[in-house]
Amino acid sequence: MTRTTDADLLQLDRQLCFALAVASRTVIGAYKPILEPMGLTHPQYLVMLALWEREPRSLSALAEVLRLEPATLSPLVKRLEAAGLVTRRRSADDERQLAVMLTDAGRALRVQAEEVPPQVVAALGVDLDELTELHSRLSAIIERIAPLPGATGGAPA
Numbered sequence: 001m002t003r004t005t006d007a008d009l010l011q012l013d014r015q016l017c018f019a020l021a022v023a024s025r026t027v028i029g030a031y032k033p034i035l036e037p038m039g040l041t042h043p044q045y046l047v048m049l050a051l052w053e054r055e056p057r058s059l060s061a062l063a064e065v066l067r068l069e070p071a072t073l074s075p076l077v078k079r080l081e082a083a084g085l086v087t088r089r090r091s092a093d094d095e096r097q098l099a100v101m102l103t104d105a106g107r108a109l110r111v112q113a114e115e116v117p118p119q120v121v122a123a124l125g126v127d128l129d130e131l132t133e134l135h136s137r138l139s140a141i142i143e144r145i146a147p148l149p150g151a152t153g154g155a156p157a
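Residue numbers (UniProt numbering): 1 to 157.
Here you go:
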């Protein structure tokens, strides 16, 4: 049995953070040509997914579910509003809260978006069961580390 040296522990290709970063860029890259005809970037697609699940949502609730800082989310929502897919309104209950709602065009886009997941699976060329297992494992890791300070991050607009 060979002993792992300190240098081995620092090999780039052995780093979990590196593997996750490369995998993330690769998977998100697979979404790009699929989302382009819909006029969405990947971060905008995530906002739309959250709103298709439930709307209206306050900007802070949307930021929480997407695990983004409100300052990161705000430009995404503004671009979706400029595209005519969402509207932002002050909450009637609390003027400090900004409610984000889908427009009719935003709701209609959902039909086209239903084709995205199977296209991504095909583009990745990975068995669906394998992807489901990977998703489950990553979700478990996220849930374990989410309460740690600094464990949340923002995505680029």
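Positions of the beta carbon are idealized from the N, C-alpha and C atoms, including for glycine.
Small disclaimer: the values here were computed from a predicted structure and weren't measured.
The Cβ atoms of Pro75 and Ser60 do not sit closer than 9 Å to each other. Below 8 Å, enough C-beta pairs join the segment 80-87 and the segment 105-120 to call them touching: three or more. According to the DSSP assignment, Ala99 belongs to no alpha helix (DSSP H) but to the beta strand (DSSP E) extending over 98-102. Of the candidates Pro37, Ser91, Gly29, the residue whose Cα lies closest to the Cα of Glu55 is Ser91.
Put simply, the segment 34-46 touches the segment 108-120. At least three CB pairs are less than 8 Å apart. Distance from the CA atom of Ala82 to the CA atom of Arg14, rounded to whole angstroms, is 43 Å. Taking all protein chains in view, the Cβ of Pro33 is surrounded by fewer than 16 other Cβ atoms within 10 Å, so the residue is classified as exposed. Between Ala19 and Gln97, the alpha-carbon positions lie close to 39 Å from each other. Counting only the Cα atoms, Asp127 lies some 10 Å from Glu133. A direct Cα-Cα distance of roughly 45 Å separates Ala122 from Asp94.
Gln11 sits exposed, since fewer than 16 C-beta atoms from the chains shown fall within 10 Å of its C-beta. Rounded to whole angstroms, Asp129 and His135 show a C-alpha spacing of 10 Å. Scanning Ala21, Ile28, Cys17 for the CA closest to the CA of Val116 turns up Ile28.
The C-alpha of Leu51 is placed about 21 Å away from the C-alpha of Gln119.
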